[in-house]
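Throughout the sequence shown, residue numbering follows our numbering, covering 161 to 411 in sequence.
Note that CB positions come from ideal geometry on N, CA and C, so glycine has one too.
Below is one structure, written out as structure tokens; comments come after it.
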Amino acid sequence: QAMQHSVKFVENHNGRFLVVSGDQWIRHGIEHVDLIGFELSKFNQLLGLVKTLRPELTDVIDGGSNMGSWTIPLARVHTDLVFHMFEVQRFLYWISCGNLALNHVLNARPHFMGLSECAGEIEVRQPDYTQQANYGSFEVQTPFQNSDCVLAYTPHTDVVPVTNIDSLNLNPCLIKMDVEGMEWWVIQGAIRTIDNHQPLVWAERQKSDPNTVIPFFTERGYSHSFALEGHWLFVPSWLTPHPQLHAILAS
161 QAMQHSVKFV
171 ENHNGRFLVV
181 SGDQWIRHGI
191 EHVDLIGFEL
201 SKFNQLLGLV
211 KTLRPELTDV
221 IDGGSNMGSW
231 TIPLARVHTD
241 LVFHMFEVQR
251 FLYWISCGNL
261 ALNHVLNARP
271 HFMGLSECAG
281 EIEVRQPDYT
291 QQANYGSFEV
301 QTPFQNSDCV
311 LAYTPHTDVV
321 PVTNIDSLNL
331 NPCLIKMDVE
341 GMEWWVIQGA
351 IRTIDNHQPL
361 VWAERQKSDP
371 NTVIPFFTER
381 GYSHSFALEG
391 HWLFVPSWLT
401 PHPQLHAILA
411 S
């Protein structure tokens with residue numbers, strides 16, 4: 161009975177969304193329209209620029225897609241791109257599928273699946289979504305020292321499949337890695353894709369080691385910016401000199 165009241169409906173100019181009522185971060189951002197600093201206007205412009213310069217890059221990878229609040233507004237604008245969503249929390253995955261349907265988004269491919277360096281399976285504890293919490297902070301590994309994951313859990317677990325980006329054989333223009341400390345493993349599973357296509361990469365930095373992540377990209381000619389909320393934006397060398405890029409990041 162309590163679970164029936166753990167979801168509410170929110171509508172704003174970015175779309176129509178089911179959200180976890182007790183979520184203290186994503187839900188709050190959707191209700192206040194700005195989507196909590198996800199800088200959607202910047203990503204809309206970045207995707208527009210990249211499509212103009214590299215039209216063969218037709219995919220966007222959303223690692224840690226949560227309830228779809230990042231992919232859906234972008235997919236509604238960029239209908240010529242295919243957005244591949246990966247989420248390991250079953251309940252949030254279900255909500256994201258509902259949100260795709262509510263917004264009639266046909267160019268997204270949601271997956272109840274994790275991303276890592278290789279294929280396999282992981283056991284994922286199910287949080288208690290009737291409680292107040294930041295469900296976007298959910299971690300599948302031993303927490304980092306700076307972990308912000310404080311969740312209550314049910315006794316239930318899911319066995320969730322895991323894949324790596326290289327095995328997907330996609331042509332990404334942008335890879336988002338918001339996977340709560342698993343960024344380095346996702347990168348290791350995407351080396352061939354990154355080397356072959358040189359996409360933009362947006363990666364969470366709070367739970368990542370800069371001494372491994374930053375050198376990986378700088379050795380490949382990437383520059384990086386801290387301009388986007390709590391994340392690195394890694395920019396490939398083919399895009400770095402473009403004057404419109406600097407105007408977008410400065411806006």
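query	result
Own chain, CB closer than 8 Å to LEU409, minus 5 neighbours either side, in chain order	LYS202, SER385, ALA387, LEU393
Whether THR290 touches GLY208 by CB criterion (9 Å)	no
DSSP-derived helix/strand/coil call for GLY197	Note on GLY197: pLDDT 46, under 50, position unreliable in the model; no value is reported.
Extent of the continuous beta strand (DSSP E) to which VAL170 belongs	167-172
Span of the alpha helix (DSSP H) around TRP345	343-348
Start and end residues, beta strand (DSSP E) containing GLN286	280-287
Selected residue, minimal CA-CA separation from LEU330, among ALA350, THR372, ASP219	ASP219
Span separating the alpha-carbon of ALA407 from that of PRO401	11 Å
Helix, strand or coil at ASP338 according to DSSP, with G and I counted as helix	coil
Contact set for ALA235: own chain, Cβ-Cβ below 6 Å, skip 5 residues either direction	PHE243, VAL265, ASN267, ALA268
Inter-stretch contact at 8 Å, needing at least 3 Cβ pairs: the region 336-351 / the region 361-381	yes
Per-residue DSSP class, three states only, for PRO420	Only positions 161 to 411 of the chain appear in the structure, and residue 420 is not among them; the question remains open.
Cβ-based burial, CYS278 [other Cβ within 10 Å; buried from 16]	exposed
ASP318 versus ILE325 - alpha carbon distance	22 Å
As assigned by DSSP and simplified to three states, the class of SER307	Its pLDDT being 49, under 50, SER307 is placed unreliably by the model, and the measurement read from it follows with that caveat. If DSSP states are grouped into helix, strand and coil, SER307 belongs with coil.
GLY182 - DSSP class collapsed to helix/strand/coil	coil
Enclosing beta strand (DSSP E) for TRP362 [first to last residue]	360-364
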